[in-house]
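Participant: Position one of the sequence shown corresponds to residue 1 (the numbering used here), numbered consecutively onward.
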Amino acid sequence: MPDSRPIGVFDSGIGGLTVVKALRELLPNEKIFYLGDTARVPYGSKSASTVERYSLEITEMLVGEGVKTIVVACNSASAVALPKLERILSVPVVGVILPGAKAAVAATRNRHVGVIGTRATIKSGAYETALSSLSSQVRVTARACPLLVPLIEEGWLNDELTDRVIVRYLEPLIREGIDTLVLGCTHYPLLSGAIEHALGPTTTLVDSARNCATAVQELLDRQQLRAPAGNSGSLEVALTDAPDNFMRVAREALQLDVGEVQLREVLHGAAKL
Ligand code: DGL
């Protein structure tokens, strides 16, 4: 039976829109409801227990919107909250880490994979766990890049200062000899041009956003949750705080038509679940 309910997607801010962009391209007839927790961005500098509580609250709000599945379009939330979300939510949940790790294992030739992400993601060791569950031969060099999310949220995407920050973060990984780099934060695809430039042509970039969209497609097919073939898809966006730079980045950098942004108050208390 086709299912025309929306796919719920969340992130702390604009990063998850890179997943939305990939979903819109891959599944054009699906409705998407996006919730950005802009009142509490960034997640990546907060403790695991705080990110888990935020994730529970936001996903409960998405369930209240009548979504058929939830995409955790945030590596920090996927890294620390996914097992709990999978256990307690009444709809299937897809995270970004396993799809990105699978793509990295397929891409690496010298079996040395680099991962960049927020402090919360890197500290959790979630990529190391996922990569070692897929291949015992892959070596991982991971690095937290805490300055990148604020620069992206600020819209400094083509900026000399951002380029210098990227080079400073990536130099040790390049020196260590990685041949594949996982963008372990859904904000980072917005800087993929500058990151590719800093890495040079011999390193493969793995974009966890695109691989996550493929995982969502597989899940919908497996569970027969695809929207009817003739449906036209749509994107509805809600935020927990005023849009500000959000709209500009969404429109200019991602060419996403986000329409009118709704405001939602955070539903506190879900952490008790
Ligand atoms: N986009 C998020 C991620 O993938 C986190 C950004 C943040 O809130 O720190 O980790």
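We put the beta carbon where it would ideally sit given N, CA and C, even for glycine.
Roughly how many angstroms lie between the CA atoms of L27 and C145, to the nearest whole one?
Facilitator: Rounded to whole angstroms, L27 to C145 spans 31 Å at the Cα level.
Participant: Given 7 Å as the limit, tell me if N75 has its C-beta closer than that to any heavy atom belonging to the ligand DGL.
Facilitator: Yes, the ligand DGL has a heavy atom inside 7 Å of this Cβ.
Participant: Under a three-way DSSP split, which group does D3 fall into?
Facilitator: D3 falls in the coil class under three-state DSSP.
Participant: Among residues of its own chain, excluding the 5 on either side of E265, which ones have a beta-carbon nearer than 8 Å to its beta-carbon?
Facilitator: Once the five neighbours on either side are set aside, the close Cβ partners of E265 are T240.
Participant: Are there any heavy atoms of the ligand DGL lying less than 7 Å away from the beta-carbon of R11, as far as the coordinates show?
Facilitator: The identity of residue 11 in the sequence shown is Asp, whereas the question assumes Arg. Result yes, Cβ under 7 Å from the ligand DGL.
Participant: Short check: CB of I70 to CB of L89, under 8 Å?
Facilitator: Cβ atoms of I70 and L89: closer than 8 Å.
Participant: Opposite S234 in the DSSP bridges: which residues?
Facilitator: Per DSSP, K31.
Participant: Per DSSP, what kind of secondary structure is V266 in: helix, strand or coil?
Facilitator: DSSP places V266 in coil when its eight states are reduced to three.
Participant: Measure how close the beta-carbons of V9 and A120 come, nearest whole angstrom, since I'm counting them as under 8 Å.
Facilitator: Their Cβ separation, rounded to whole angstroms, is 19 Å, which puts V9 and A120 out of contact at 8 Å.
Participant: For a test of the three-state rule: what should DSSP assign to G117, helix, strand or coil?
Facilitator: Strand at G117.
Participant: Beta-carbon within less than 6 Å of E176's beta-carbon, same chain only, minus the 5 sequence neighbours each way: which residues are those?
Facilitator: Hits under 6 Å: T141.
Participant: Determine the burial state of A101: buried for a count of at least 16 other Cβ atoms within 10 Å of its Cβ, exposed for fewer.
Facilitator: Classification of A101: buried, given that the 10 Å Cβ count is 16 or more.
Participant: How many Å lie between A209 and I32 at the Cα?
Facilitator: Near 15 Å, if we compare the C-alpha coordinates of I32 and A209.
Participant: Mind checking whether the beta-carbon of H149 lies closer than 7 Å to any heavy atom of the ligand DGL?
Facilitator: As written in the sequence, residue 149 is Val, which differs from the His given in the question. Yes, Cβ of V149 sits closer than 7 Å to a heavy atom of the ligand DGL.
Participant: Taking the continuous beta strand (DSSP E) assigned at G184, which residues delimit it?
Facilitator: Its beta strand (DSSP E) spans residues 180-184.
Participant: When the Cα atoms are used, what is the spatial distance from R24 to R168?
Facilitator: Rounded to whole angstroms, R24 to R168 spans 34 Å at the Cα level.
Participant: Using the rule of at least 16 other Cβ atoms within 10 Å of the residue's Cβ for burial, across every protein chain shown, is S12 buried or exposed?
Facilitator: Classification for S12: buried.
Participant: Counting along the chain, where does the beta strand (DSSP E) carrying L205 start and finish?
Facilitator: Run containing L205: 204-207, per the beta strand (DSSP E) assignment.
Participant: What are the boundary residues of the alpha helix (DSSP H) that includes I152?
Facilitator: 148-153 is the span of the alpha helix (DSSP H), which, as asked, contains I152.
Participant: Mind listing, in chain order, the continuous alpha helix (DSSP H) runs of no fewer than 4 residues lying wholly within the region 21-82?
Facilitator: Runs found: 48-64.
Participant: Tell me where the beta strand (DSSP E) around A142 begins and ends.
Facilitator: Residues 139-144.
Participant: Does the contact criterion of 3 or more C-beta pairs under 8 Å hold for the region 170-190 versus the region 107-127?
Facilitator: The region 170-190, when compared against the region 107-127, does touch it at the 8 Å Cβ threshold.
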